[in-house]
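Inspection log for the structure reproduced underneath, given as structure tokens.
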Amino acid sequence: MELLFVCIFLITNIITPHIHARYAEFEAPVDIADGEILAGNLPRKQLRLVQAWIELHRDELTANWELAINGEEPYKIKPL
Numbered sequence: 001m002e003l004l005f006v007c008i009f010l011i012t013n014i015i016t017p018h019i020h021a022r023y024a025e026f027e028a029p030v031d032i033a034d035g036e037i038l039a040g041n042l043p044r045k046q047l048r049l050v051q052a053w054i055e056l057h058r059d060e061l062t063a064n065w066e067l068a069i070n071g072e073e074p075y076k077i078k079p080l
């Protein structure tokens, strides 16, 4: 079984707050505000899991984004 991996990377040319989701050979930055893929792709089932997780943790993700862009360590967020 493949794992779905989600993290914040700041070494990117995407300015909008987002996370990076990886599953098998797929990778996509996903917007924190609306859960839409910004580039790349993910299988539909994994995208829906990522979107549900974003919905549950949007405030924490937004706070972590602010910490990360200010050079601070983001907090771990509970997985699905």
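Note that the sequence shown covers residues 1 to 80 in full-length UniProt numbering.
Each residue gets a CB set at the ideal place from its N, CA and C atoms; glycine is no exception.
Assigned secondary structure, residue i (DSSP; H/G/I helix, E/B strand, else coil)
i          : result
residue 27 : strand
residue 39 : coil
residue 32 : coil
For residue i, the nearest candidate out of the options (CA to CA)
i          : options           : result
residue 45 : 63, 22, 56 and 76 : 22
residue 76 : 61, 56, 66 and 69 : 61
residue 54 : 15, 80 and 43     : 80
residue 33 : 70, 78 and 65     : 65
residue 15 : 38, 26 and 52     : 38
residue 81 : 59, 63, 40 and 35 : Because the chain here runs from 1 to 80, residue 81 falls outside it and cannot be looked at.
C-alpha gap between residue i and residue j, whole angstroms
i          : j          : result
residue 48 : residue 73 : 27 angstroms
residue 71 : residue 28 : 23 angstroms
residue 25 : residue 67 : 29 angstroms
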